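Undergrad: Its first residue numbered 2, the sequence shown is counted upward by one per residue in my numbering.
The structure's right below; bear with me while I get my questions together.
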Amino acid sequence: MQKLKVIVERCEGISCSLYGYDEMFINVSKDANSDDFVKSLIRFTLEEAISTGDNQIFLFSSPDYREKFKKQMLDFACSLDEEVDSLGFLSNGAQISFILASSRTSSGAVGHSYAVDCFDDIVPTDVYNLMLGWTMFVGLRAVFISTSST
2 MQKLKVIVER
12 CEGISCSLYG
22 YDEMFINVSK
32 DANSDDFVKS
42 LIRFTLEEAI
52 STGDNQIFLF
62 SSPDYREKFK
72 KQMLDFACSL
82 DEEVDSLGFL
92 SNGAQISFIL
102 ASSRTSSGAV
112 GHSYAVDCFD
122 DIVPTDVYNL
132 MLGWTMFVGL
142 RAVFISTSST
């Protein structure tokens, strides 16, 4: 969690709050350079998946933003010569999932979880409970990201 906190601190207009050792709430102001933050988040999560084999789960309310984020992630993986199959699996078995909050097809997923702008369209407690289910094992983090630029 400390590495992710350092990423947030480097980005102007972005703040975070930590709750316990496994929950982080990140607020990206509309004046912030959210593109830099997103690139740093993608780099951090992909490198973690490659080095540890930990699954990374991203929850989105917007289909368009999910596709944009997924493309950036896959482009970065390609730049590292890391192959990601059609189901989001890396060569080491880690999976990167890009889930729409409205899909309700995420049961059984476990990994570090990131909810990106899911608080306007969905009941916050539903998002929170879904994220807690994905991070039920010790050492997995839940990160809630709120932006005004997606």
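Each residue gets a CB set at the ideal place from its N, CA and C atoms; glycine is no exception.
Bear in mind the structure is a predicted one, so any value in this text is a computation, not a measurement.
(1) Mapping the DSSP letters down to three states, classify Ser150 as helix, strand or coil.
(2) If you measure between the beta carbons of Phe38 and Cys17, is that distance less than 7 Å?
(3) DSSP state of Val111, grouped into three classes?
(4) Report the rounded CA-to-CA distance for Gly21 versus Tyr115, giving the unit in angstroms.
(5) Excluding the 5 residues flanking Thr151 on each side, which residues of the same chain have their C-beta closer than 8 Å to its C-beta?
(6) Using CA coordinates, which residue listed in Ser87, Leu42, Lys31 is at the minimum distance from Val7?
TA: Looking at the atomic coordinates:
(1) Reliability of the predicted coordinates at Ser150 is poor, the pLDDT of 49 falling under 50, and no value is obtained from them.
(2) no
(3) coil
(4) 16 Å
(5) Low confidence applies to Thr151: its pLDDT is 44, below 50, so where it sits in the model is not reliable enough to give any reading.
(6) Leu42
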